[in-house]
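Heads up: the protein sequence lines correspond to chains A and B, in order. According to this note's numbering, the stretch in the first sequence is residues 47 to 325, in order. According to this note's numbering, the stretch in the second sequence is residues 2 to 354, in order. Quick reminder that beta carbons are idealized off the backbone N, C-alpha and C, glycines included. Remember, predicted model here, so these are calculated numbers, not experimental data.
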Amino acid sequence: MLRRFKERFKGRVGKAKNAASRAGNPAQAEEYQQPKENRKILVVGQGDSFKETEMDYALSLAERLGYDLIALNVGPGPASAATFLSPYRKYQRDEFSRRAQTAASLFKEKVSAKGLNFTHLVKFGDLGPTIEQLNHEIKRVELVITGSEASAAKVTEEVNLPLFILKGLAEEKNLIGGREMRQTRPWGKTIAWGIGAAVLYAATFLNTGVVMKYFTKGGWYAALPIMTVFAFSFVHGAFAHYLWSALGIEAPRKVVQPRPEAKRPVRRQRPRPELRLKA
Amino acid sequence: MDAGLPEAVQFIDLNTTAVLFLFVVGFIGGLVSGFIGSGGAFVLTPGMMSLGVAGTVAVASNMCHKFPKALVGAYKRYKYGQVDIKLGLVMASSAGVGVLVGIKIQEWILANWGQAGSNLYVSVSFVVILIVVGGYVFLDAWKTTKSGGQEMVPALALKLQKIHLPPMMYFKTANVRISMWFTLPIGFATGLLAATIAVGGFIGVPGMIYVLGASGLVASATELVIAFVMGLGGTVKWAMMGMVDIRLTLIILAGSLLGVQLGAIGTTYVKEHMIKVVMGTIMLIVAVSRGLAIPQYLKQLGLINLDDGIIAILGVASFVTMCIALAIGAIIIIGAMWRAKSKAASEEVYDQV
């Protein structure tokens, strides 16, 4: 694998190797290879999973921009060398990786259907440094998308990349699965307001003689038709509203996709060049 | 039943055909006014007159159904973020003066030339305004459609916005900063027309678009606020004269409250210039319809001499043309909604694959 990688990307091998060695884990170097150096969107999952909206939003964005997608799951990092070496810890990490792979396979299917490139990575450690490290290793990561505000806070502090946080995922999930939501159509309210409107109409038209006599008297009697139309518009208007809603004719949600909130990356402290003398 | 009614006007007897007609016209009128901000009345007033309702009663009953309908429509479109309440209220305040002047003119014509004179005045107003303004709106909509549906701020509006004539006003939703003095004549003309033919929007909406520089979507939604304020004021005036036929009003309202909400929903589906397309098309066809009705009133006033057969044919032609205007308006709106909805549905399916 590594040989093929060398053959295909002769010019970049040096860089990749350096990056991998900076990461302190040369074995992972091959994970970072991309079929071509396209621009990329990094999607950071919640633990070992990806939310539906997170995947859909990243996918539609990548499709529009023609970018590749990198899905990243970051597991809890080792607290100390002892726990890192413990069999239980290893089991936990394997379990995390397995669950993350399962979650990513769905994502991969979606991305493959659109003909885009997709890479899945599993990392362990703190979120911020992990992403920043990836940013150095993988070329042309343009932006980071996450659905978790908690992880977003960590990322903004340490990562020098535009970060998109998808807010209100729970509500948006209902929106995207709009069909399920529309199953609860307000037929009950429609019927209730409809009966109310029918009663008002019956009351007026069964007493047309009296109504017309007083309503056209003019002067202060002008209040009668005005009050009447207000009452009718309230009751019948509510009926009309619920009727269209029940029939499924509603204004399309203009924000079907969750609105990403672009956050400015925190300025990274770059170490100043220091002059060192080898005396 | 007719005891106590003013002698000058007659209230018609209702039959099933008339009720069905008013309901359907009310629905389609509501659909149109929910979509373009006004209208409905331009179909309803002649529609009622075709049923034999006197011009003033038709205008009064129509106005009485207009303000609750506008209220419901404005509320719905406000929720979609299309209504500029401040612009609506500023326009409505000058429109109020226009309504009062318009009613005075109507009363004066009714007193001097009777019912036929009143009908003639209403019809001539229809024809002149609809052809001039409707023609312009239609041309603009045609150009916009040809240039790919991109709406531009009209040159006149841009010039007027640059004139600094205090007090300057800023309208947030419309995103327009303009001197108050330029809003006054448009508001006044809107009110004057509303009191005459009950459709102020045919001046108000193009005025807000071409003179003030608001977008078609905001102008048509804001017109509903103006329509509510003016409609309420006008209704008080007409009702105090005992001209409102509440039966007609309620039947129209039954249809129009359904229609206005559908029309308001429709604006969220279609491209903005569709509002102008619908408005221009309907105005021009209705102008033809009312033009065909004019000889009848001229004959009643003894100004021309025409064969009764020809008058009858013209009457039928006028009525049929108006029905065509109605049908075309409704078809354009529902067709545009249908296309947009099925397109959205197919995209949704595509996204889920």
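Where does residue i sit, in a helix, a strand or coil, going by DSSP?
i                 : result
Arg322 of chain A : coil
Ser158 of chain A : helix
Met242 of chain B : coil
Lys342 of chain B : helix
Phe12 of chain B  : coil
Ile211 of chain A : strand
Glu217 of chain A : Only weak support is given to the placement of Glu217 of chain A: the predicted model assigns it a pLDDT of 46, under 50, and the value that follows is read from those uncertain coordinates. Three-state result, Glu217 of chain A: helix.
Val200 of chain B : coil
Tyr270 of chain B : coil
Ser95 of chain A  : strand
Leu121 of chain B : helix
Gln303 of chain A : Unreliable positioning characterises Gln303 of chain A in this predicted model, as indicated by a pLDDT of 28, which lies under 50. A coordinate reading is not provided.
Val91 of chain B  : helix
Gln80 of chain A  : Note that Gln80 of chain A has pLDDT 47, beneath the 50 cutoff, so the model's placement of it is unreliable and the number below is only indicative. Gln80 of chain A falls in the coil class under three-state DSSP.
Met227 of chain A : Here the model assigns Met227 of chain A a pLDDT of 44, short of 50, so the residue's position is not dependable, and the following value carries that caveat. Three-state result, Met227 of chain A: helix.
Ser126 of chain A : With a pLDDT of only 49 at Ser126 of chain A, under the threshold of 50, the placement of this residue in the model should not be trusted, and no figure is reported.
Since residue i is in the beta strand (DSSP E), which residue starts that stretch and which ends it?
i                 : result
Tyr81 of chain B  : Looking at the DSSP string, Tyr81 of chain B is not in any beta strand (DSSP E), and its letter there is neither H nor E.
Asp114 of chain A : Asp114 to Gly121
Thr192 of chain A : Val187 to Thr192
Arg178 of chain B : Val177 to Ser180
Met362 of chain B : Outside the shown range of chain B (2 to 354) lies residue 362 of chain B, about which nothing can therefore be said.
Tyr103 of chain A : No beta strand (DSSP E) contains Tyr103 of chain A, which is instead part of the alpha helix (DSSP H) from Glu98 to Leu111.
Thr165 of chain A : Phe164 to Phe170
Leu88 of chain A  : Lys86 to Val90
In chain B, what lies closer than 8 Å to residue i by C-beta?
i                 : result
Leu207 of chain A : Within chain B, no residue comes near Leu207 of chain A; the closest Cβ sits about 26 Å away, beyond 8 Å.
Gly240 of chain A : Neighbours of Gly240 of chain A on chain B: none; closest Cβ ~11 Å, over 8 Å.
Give the C-beta separation of residue i and residue j to the nearest angstrom, bearing in mind that I take them to be a contact with Cβ-Cβ under 8 Å.
i                 : j                 : result
Met244 of chain B : Val58 of chain B  : 5 Å
Ala288 of chain B : Met231 of chain B : With a Cβ gap of about 22 Å, Ala288 of chain B and Met231 of chain B do not count as contacting.
Arg78 of chain B  : Ala345 of chain B : Incorrect: roughly 19 Å between the Cβ atoms, too far for contact.
Ala294 of chain B : Gly310 of chain B : Ala294 of chain B to Gly310 of chain B, Cβ: 16 Å. No contact.
Ile210 of chain B : Ala220 of chain B : 5 Å
Tyr81 of chain B  : Ala297 of chain A : 6 Å
Ala117 of chain A : His182 of chain A : Not confirmed; about 19 Å, so no contact.
Lys70 of chain B  : Ser257 of chain B : 5 Å
Val205 of chain A : Ile177 of chain A : 5 Å
Quick check on the DSSP output: the alpha helix (DSSP H) that includes residue i runs from which residue to which?
i                 : result
Gly208 of chain B : Gly208 of chain B -> no alpha helix (DSSP H), and no H or E assigned at all.
Phe24 of chain B  : Thr17 to Ile37
Val281 of chain A : Ala269 to Ala292
His165 of chain B : Where His165 of chain B is concerned, there is no enclosing alpha helix (DSSP H), given that its DSSP letter is neither H nor E.
Leu180 of chain A : Leu173 to Glu183
Gly265 of chain A : Unbroken run through Gly265 of chain A: none, as it is neither H nor E.
Val256 of chain A : Thr254 to Phe261
Ala248 of chain A : Trp233 to Phe251
Could you tell me which chain B residues have their CB closer than 7 Å to the CB of residue i, listed as they occur along the chain?
i                 : result
His287 of chain A : Gln262
His166 of chain A : Residues of chain B passing the Cβ test: none, with the nearest at roughly 21 Å.
Phe276 of chain A : Pro69
How would you list, in chain order, the residues of chain A whose beta-carbon sits under 8 Å from the beta-carbon of residue i?
i                 : result
Met242 of chain B : Gly264
Val237 of chain B : Ala268 and Ile272
Phe12 of chain B  : Met258 and Thr262
Thr223 of chain B : Correct list: empty, because the minimum Cβ distance to chain A is about 18 Å.
Cys65 of chain B  : Pro271, Ile272 and Val275
Which bits of chain B does residue i rub up against, with CB to CB less than 9 Å?
i                 : result
Trp290 of chain A : Leu259, Gln262, Leu263 and Ile266
Could you name the residues of chain A that residue i contacts, counting a contact when the two beta carbons are closer than 7 Å?
i                 : result
Tyr81 of chain B  : Ala297
Val73 of chain B  : Ser279 and Gly283
Ala42 of chain B  : Ordered by position in chain A, no residue passes the 7 Å Cβ test against Ala42 of chain B, which lies about 15 Å from the chain.
Ile187 of chain B : Going along chain A, no residue has its Cβ under 7 Å from Ile187 of chain B, so there is no contact; the nearest lies around 27 Å.
For a contact meaning CB atoms closer than 9 Å, what does residue i contact in chain A?
i                 : result
Val100 of chain B : Those do not exist, as Val100 of chain B stays about 15 Å from chain A at its closest Cβ, beyond 9 Å.
Ile311 of chain B : Within 9 Å Cβ-Cβ: nothing; Ile311 of chain B doesn't reach chain A, min ~36 Å.
With a threshold of 8 Å between beta-carbons, can residue i be considered close to chain C, or not?
i                 : result
Val245 of chain B : Protein chains in the displayed structure are A and B, and chain C is not among them.
*Pull out every residue of the region 245-272 of chain A whose Cβ sits closer than 9 Å to any Cβ of chain B, in chain order.*
Leu246, Tyr247, Thr250, Phe251, Thr254, Gly255, Val257, Met258, Lys259, Tyr260, Phe261, Thr262, Lys263, Gly264, Gly265, Trp266, Tyr267, Ala268, Ala269, Leu270, Pro271 and Ile272
*May I ask you to list, following chain order, the residues of the region 270-288 of chain B that have a beta carbon less than 8 Å from some beta carbon of chain A?*
Within the region 270-288 of chain B, Tyr270 place their CB atoms closer than 8 Å to a CB of chain A, listed in sequence order.
*Going along the region 197-230 of chain B in order, which residues come within less than 7 Å of chain A, judged by CB to CB distance?*
none
*Taking a cut of 9 Å between CB atoms, which residues from the region 112-127 of chain B lie near chain A?*
none
*Between the region 321-336 of chain B and chain A, which residues of the former have CB atoms less than 7 Å from a CB of the latter, in chain order?*
none
*Of the residues that make up the region 18-48 of chain B, which ones have a beta carbon closer than 8 Å to any beta carbon in chain A?*
none
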